[in-house]
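K.L.:
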Amino acid sequence: MKTVTAIVLVFTLGALAQAEDDCVLAMTESGLVCGARMKATNGEDFVSFMGMRYAKAPIGELRFAEPQSPEPYDGIFDATTPGLVCPQLTDKLLPDLPAPPQGEDCLRVNVHVPLSAVPQNSSDWDNPRLPVFVYIHGGSFITGSGNPDTYGPEYLMQKGIILVTINYRLASIGFLSLDSEYIPGNAGLRDALFALKWVKRNIELFGGDPDEITLGGQSAGGAISHLVSISPAVKGLGLFKRGIFMSGNALANFYTTSPISAKNVSALFLKAMGISSAIFKSPKSIHQELIKAPIEKILEANQYVYNKAGLALTFCPVQEKPQKGFTTMLPKDPEVLLKEGYGKEIASIFGFTNNECQVFKPFMIKGNLEKVLQTSQVAIVPQNLLFTSNVLTIPVLTREIKSEYYNGTTPTLEKYLYECTDAFYKYPVMRIADKRLESGAEPTFVYEFGYHGEDSVIKAAVKSDWPGAGHGEDVTYFFRVNWFLGPSKVDELAQSNPDSKMKEWMTTFIANFVRTGDPASIPAEWLPTNQQFEFQSIEEPMEYKLQLITPYLRDKKKFWNKLYKIGRVDLFR
């Protein structure tokens, strides 16, 4: 933005601020916004600009379409409360999670920024701009939002960075693929890309540095953010400089980008929608039926698909063919994109917890997974292998996995939790680290979070306990889970208890990386990973240590490498 324009804007904001004592004003490309003044946990003021549209409401003809820029408006947009979340069913894992208002006008962005950084007059425009962390929420591609009830900014706001969270289309609206020119899939990925472009264009108006943006996410959000980072669609755009991908990435085995899987899911969905004769209908007529359907009917169809699929993820990112009018996000298998060096230009952190799948145990028991494991011939085979293998190799994979994890006997749920953690979360990070080293990528940092908190939000929420840390526990030490913890307390990170110390360390390493590309902080040394897979082990406050690959991880890496050579022959031709 040109300086003269900036000066006009800040003079406008300064004049209006006198009449708007109850909020803080900022300008966007669409118009003025009014944000809420809040308190960080150290007592410092920050401003939350919430529920701002980064795209038009995806309704009617836009339901599955490429996102479109919102219309400019007059007046002041009230950004003091969260916006609508995208249509979704109740979170299966966290049924006690409050259900905020939802609707299809949900493509919203939240910007949390220290008050002192928000330009309010002409002199403020010369202030240094703050680095930016754009975070994409998880939720199995079917639930969640970027709202501060779960991703509270109160910890990070005392670290001198700007936090941005977004919503994206979920489930069938976000990830249904009919492999057609009308619904090619990956609408949710396009939303994330569109939001990043909005941040790049607008963040300077909030006091942010558009050249110092870090992209990240956890679980499905880690997968989305990493997939976006390796997409040819972002190459050369300079939308972000670094990446933080936690318990989810482009190769994570809790989902698959296989078009075969997407076709199976779409058939179930169309049947539930009453479009069972889809084979005889044109893609255009199917599209017309789906964009006219009430959202309630679509949610019911989503539920039908979930019930049929059991515990497998259904609507997911997918490899796609180029289609007119759509940005092609995944033209190839993510393995191939990584091998070709996409994403190597950004320094990255990849993380996992030591007991990822323990958090899913209550859900697995309720879903009677042990019976499925014992009766199905393929349930123990990760989806990324299952949908790329042929009928001759699948029995080989099953036999090998049974021998490695189940002593060659009938699978049990307890043993499956170890396979799940290794195959879904740990091995993919080791595989990605190798590929980034081979391609000469920017530094790759890895951590394993194994801290057993005194008052774990996740363990309390799922009403269970386990050694170390499960899926999502690391995130609760740099985001404040406001729906569970209640009103924020000043000095939460300054207390002497271990949980507060861990929150202080986690927020520090995140902020360090966002600022400099180096997560290390005194007294902890943290070097990029190498051929020996060196990683940061985070177990107790002030007991962080660089650790070479353990014998257990070395054995599992060797095992899964062998299975990939059996099941992913397409990668080794």
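Using mature numbering (1 follows the signal peptide of the UniProt record, and there is no 0), the letters of the sequence shown map in sequence onto residues -19 to -1, 1 to 554. Built from N, CA and C at the ideal position, the CB exists for glycine as well.
(1) As a quick exercise: from Val340, Gly197, Gly229 and Phe465, pick the residue whose alpha carbon is nearest that of Ser445.
(2) Starting from Leu13, follow its DSSP beta bridges and name the residues at the other end.
(3) Please classify Arg110: does DSSP put it in a helix, a strand, or coil?
(4) Is the beta carbon of Ala17 less than 8 Å from the beta carbon of Met138?
(5) Looking at Thr309 and Pro303, is the spacing between their C-beta atoms short of 8 Å?
(6) Would you give the residue range spanned by the alpha helix (DSSP H) that Pro315 belongs to?
(7) Go ahead and label Phe307 buried or exposed: buried means 16 or more other beta carbons lie within 10 angstroms of its beta carbon, across all protein chains shown.
(8) Could you give the distance in angstroms between the alpha-carbon of Asp436 and the alpha-carbon of Met254?
(9) Mapping the DSSP letters down to three states, classify Lys537 as helix, strand or coil.
(10) In whole angstroms, give me the CA-to-CA distance for residue 560 and Gly451.
(11) Find the nearest neighbour of Gly219 within the set Val180, Leu251 and Ile241, judged by alpha-carbon distance.
(12) Roughly how many angstroms lie between the CA atoms of Gly322 and Asn230, to the nearest whole one?
(13) If Arg182 sits next to Glu47, beta carbons under 8 Å apart, how far is it from one beta carbon to the other, in whole angstroms?
(14) Along the chain, which unbroken stretches of the alpha helix (DSSP H) at least 4 residues long are found entirely within the region 378 to 463?
(15) Around the C-beta of Lys539, are 16 or more other C-beta atoms found within 10 angstroms, so that it is buried, or is it exposed?
(16) Report all residues from its chain with a CB closer than 8 Å to the CB of Ala(-5); omit the five preceding and five following residues, and keep chain order.
(17) When the Cα atoms are used, what is the spatial distance from Glu419 to Lys440?
(18) If you run the structure through DSSP and keep just helix, strand and coil, what is Val94?
(19) Tell me where the alpha helix (DSSP H) around Thr488 begins and ends.
(20) If we ignore side chains and look at the alpha-carbon of each, how far apart do Lys470 and Asp536 end up?
(21) Roughly how many angstroms separate the alpha carbons of Asp26 and Leu96, rounded to a whole number?
(22) Closest by CA to Ser502, which one among Phe514, Thr489 and Arg496?
(23) What span of residues does the beta strand (DSSP E) with Val28 cover, start to end?
(24) Just to confirm the assignment, what range does the alpha helix (DSSP H) spanning Leu88 have?
(25) Counting Cβ pairs closer than 8 Å, one from the region 510 to 528 and one from the region 221 to 240, do we hit at least three?
P.N.:
Reading off the structure:
(1) From the listed residues Val340, Gly197, Gly229 and Phe465, the smallest Cα separation to Ser445 is found for Val340.
(2) Answer is Met8 and Ile57.
(3) Note: Arg110 maps to coil in three-state DSSP.
(4) Ala17 places its beta carbon 8 Å or farther from that of Met138.
(5) Cβ distance < 8 Å, so Pro303 and Thr309 count as in contact.
(6) First-last of the alpha helix (DSSP H) with Pro315: Pro315 to Lys320.
(7) Classification of Phe307: buried, given that the 10 Å Cβ count is 16 or more.
(8) Rounded to the nearest angstrom, the two C-alpha atoms are 44 Å apart.
(9) Looking at Lys537 - three-state DSSP - the assignment turns out to be helix.
(10) Absent from the structure is residue 560, since the part of the chain shown begins at -19 and ends at 554.
(11) Among Val180, Leu251 and Ile241, the Cα nearest to that of Gly219 belongs to Val180.
(12) Roughly 15 Å separates the two Cα atoms.
(13) With 8 Å as the limit, Arg182 and Glu47 do not qualify as a contact, their Cβ atoms being about 17 Å apart.
(14) Within the region 378 to 463, the complete alpha helix (DSSP H) runs of at least 4 residues are 394 to 401, 408 to 419 and 438 to 443.
(15) When all chains shown are included, Lys539 counts as exposed.
(16) Confidence at Ala(-5) is low in this model, with a pLDDT of 43, below 50, so the placement of that residue should be treated as unreliable; the coordinate-derived value is given next. Nothing listed; no residue qualifies.
(17) C-alpha of Glu419 to C-alpha of Lys440: approximately 38 Å in a straight line.
(18) The three-state secondary structure of Val94, taken from DSSP, is strand.
(19) Start and end: Pro479 to Thr497.
(20) The straight-line gap from Cα to Cα measures roughly 45 Å.
(21) Straight-line Cα distance between these residues: approximately 6 Å.
(22) Comparing Cα-Cα distances from Ser502 to each of Phe514, Thr489 and Arg496, the minimum goes to Thr489.
(23) If you look at Val28, you'll find it in the beta strand (DSSP E) that goes Asp26 to Arg34.
(24) Premise fails: Leu88 is in no alpha helix (DSSP H) and is neither H nor E.
(25) In short, these stretches do not touch, since the Cβ pair count stays below three.
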